[in-house]
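Inspection log for the structure reproduced underneath, given as structure tokens.
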Amino acid sequence: MDVVILCGGRGTRLAEKTSVMPKPLVPIGDRPILWHIMKMYSHYGYKRFVLPLGYMGHEIKRFFVEYPWISGDFELDMHSVSVPKPREDWSVALVDTGVDSKTQKRLHLVKEHIKTDRFMLTYGDGVADIDIGDLVRRHEYLKKTYGVMGTVTLHTPKSKFGVVDIEKDLATAFREKPDADKFVNIGFMVLEKGVFDHMDGSDVMLETSLLPKLAAEGRIGFYHHQNFWGCMDTYGDYMHLNEMWKNERPWKVWKD
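What follows is the structure, given as structure tokens:
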């Protein structure tokens, strides 16, 4: 099953980094967050990736062209060049989809590069310790039972603020950053290729067009991920994820 990773946004809330590089190349440790996402999927056997590119897409192309050189040690003989073989056996399609295109248009423009009847779709700025195999099994069950065309992964994030419970005129309890009471879509979707029959090349967001439309028809299921999820949305997120990489590394499901 192919994996589409949306890589085109400008990442304006992370301008400290994205002024000089595209958001998917912002590093966690010594590798871009995009590499971490791809390692997660390839751990579960999904190794063919389609990357819709946009803002500074040439830098993402450069990363993959140069990756064999930067991913390991090598010796250079001035009379011949031997390219070291990367550990990762990935196949990657890098597709320009417009600098400022919205997510649904980007997906529409890579349709011909998706070779499987079912594919996965996620954002190029989020990592999680999600069991991809379990997600796929959930989608297969929902498709068989309800005829869904897609399954989205939902998460209940921690509130950014402490909460105070009140009763009449009294503050009765203080709770430090509890779970929020709403689900958020964190990507990690499984979609049938038939979703392309429900969209055209309009420059709109998936999250405000295709997904709500299919949900209203009862064609979108969900997978509830209750463990770790981290999104690199701000500089604070960048610092937090890099600090986690120095220690517990909760999304590192791969072994090497």
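In the numbering used here, the protein residues as written are 1 to 256. Glycine residues also receive a C-beta, built at the ideal position from the N, C-alpha and C atoms. As the structure is a prediction and not an experimental result, all values here were calculated from the model.
Exposure label - residue i; buried when at least 16 CB within 10 Å
{"i": "Y44", "result": "buried"}
{"i": "D2", "result": "buried"}
{"i": "S19", "result": "exposed"}
{"i": "L211", "result": "buried"}
{"i": "T12", "result": "exposed"}
{"i": "W245", "result": "buried"}
{"i": "K102", "result": "buried"}
{"i": "K115", "result": "exposed"}
{"i": "L51", "result": "buried"}
{"i": "L76", "result": "exposed"}
{"i": "D125", "result": "buried"}
{"i": "I37", "result": "buried"}
{"i": "V127", "result": "buried"}
Close Cβ partners of residue i (< 6 angstroms) along its chain, the five nearest in sequence each way excluded
{"i": "S71", "result": "P86"}
{"i": "F74", "result": "P84"}
{"i": "R10", "result": "Y55"}
Of the residues the options, the one placed nearest residue i, counting alpha carbons only
{"i": "I220", "options": "K168, K193 and L142", "result": "L142"}
{"i": "Y41", "options": "V190, L241, E66 and M232", "result": "V190"}
{"i": "M56", "options": "M244, V92, V26 and Y46", "result": "V26"}
{"i": "N185", "options": "Y235, T122, G194 and D134", "result": "T122"}
{"i": "F119", "options": "L135, V127, D125 and K105", "result": "L135"}
{"i": "L214", "options": "D131, H113 and H198", "result": "H198"}
{"i": "C7", "options": "I132, K255, G54 and L241", "result": "G54"}
{"i": "I5", "options": "D30, V110, F63 and S82", "result": "V110"}
Collapsed DSSP secondary structure at residue i in the structure displayed
{"i": "G54", "result": "coil"}
{"i": "P212", "result": "helix"}
{"i": "W35", "result": "helix"}
{"i": "M1", "result": "coil"}
{"i": "T12", "result": "helix"}
{"i": "V136", "result": "helix"}
{"i": "V95", "result": "strand"}
Contacts around residue i, its chain only, beta-carbon distance under 7 angstroms, and the 5 residues preceding and following it disregarded
{"i": "R138", "result": "T151 and Y223"}
{"i": "D129", "result": "N227, F228, P250, W251 and V253"}
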